[in-house]
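Residue numbers (our numbering): 118 to 309.
The beta-carbon is built from N, C-alpha and C at its ideal position, and this holds for glycine as well.
Heads up: the structure comes next, in structure tokens.
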Amino acid sequence: AKENGHATAVLAMPDVKADDAVVAPADPRLQGISDAIRVVPHFPKQGIMFNDITTLLLRPGVFKDAVDMFVERYRGMGIAAVAGIEARGFIFGPAIALAIGAKFIPLRKPKKLPGEVISETYVLEYGTDCLEMHVGAIEPRERVLIVDDLVATGGTLCAAINLMERAGADVVECACLIGLPKFKPKLHCHRI
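Following this line, the structure appears as structure tokens:
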């Protein structure tokens with residue numbers, strides 16, 4: 118989806134035709150990526166269908182394909198920084214950053230970073246959460262890519278966008294390996 122200059126690039130959306138949701142629908146690597154992600158029913162609690170990317174990480178060729186597809190999309194876009202959302206954004210973010218020649222900025226949960234931080238609190242279905250990054254990690258108008266493993270409602274991505282923009286960054290796009298189609302209508306940040 119793209120609106121107001123922000124888009125979310127998603128590689129795999131279970132039960133959605135590739136044409137409807139994927140960055141490169143004709144790319145043969147997508148099937149291998151989708152097949153490598155294990156869906157675990159009722160984890161971590163009843164009614165949740167957990168998308169387990171650890172099974173993808175056990176297959177180096179498929180892991181490389183996923184990273185390569187993002188790199189192919191973002192190389193040459195002048196991205197200065199890749200911001201990865203804790204924790205699984207830390208898996209894909211640094212690999213993408215290295216490949217495109219950008220720095221990596223970890224977006225952490227509260228009280229995980231030493232020194233001065235800038236924070237963004239956001240609302241969850243049952244409470245609130247917060248993302249933090251070091252003050253000075255981003256320069257004004259630097260072009261940033263935000264990376265996470267999965268987008269459901271978009272709340273965490275919205276918080277990451279807000280945090281980056283408050284720090285003066287130009288958010289180019291958000292990249293997620295998995296998108297949950299049943300939540301697609303509920304994306305509540307007008308910018309993703």
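- In the structure shown, R260 falls within a strand segment according to DSSP collapsed to helix, strand and coil.
- Excluding five sequence positions before and after V234, the CB atoms of its chain that fall closer than 7 Å to its own CB belong to E249, M250, H251, V252, given in chain order.
- Straight through space, the alpha carbons of C293 and I150 are spaced by roughly 13 Å.
- Listed in chain order, the alpha helix (DSSP H) runs fully inside the region 170-200 are 171-174, 177-191, counting runs of at least 4 residues.
- E237 counts as buried, since at least 16 other C-beta atoms from the protein chains shown sit within 10 angstroms of its C-beta.
- Within its own chain, the residues whose Cβ lies closer than 6 Å to the Cβ of R225, once the five positions on either side in sequence are excluded, are E203, E249, listed in chain order.
- When DSSP reads this structure, K220 sits in a beta bridge with A198.
- Apart from sequence neighbours up to five positions away, no residue of its chain approaches L215 with a beta-carbon distance below 6 Å.
- Shown here for A254: same chain residues with a beta carbon closer than 7 Å to its own, the five before and five after excluded, namely I222 in chain order.
- One Cα belongs to I295, the other to D169, and the distance between them is close to 10 Å.
- For G244, the enclosing beta strand (DSSP E) covers residues 244-251.
- Around the C-beta of I278, 16 or more other C-beta atoms lie within 10 Å, and the residue is accordingly described as buried.
- Here I263 has A200, A277, C291 as same chain residues with Cβ atoms under 6 Å from its own Cβ, once five neighbours each way along the sequence are excluded.
- Our two residues, F167 and D265, have alpha carbons roughly 15 Å apart in a direct line.
- Distances from the CA of L267 to each of I208, E259, P231 were compared; the closest alpha carbon is that of I208.
- V261 is the residue among V261, A198, C275 whose C-alpha sits nearest the C-alpha of V289.
- If you look at R155, you'll find it in the beta strand (DSSP E) that goes 155-158.
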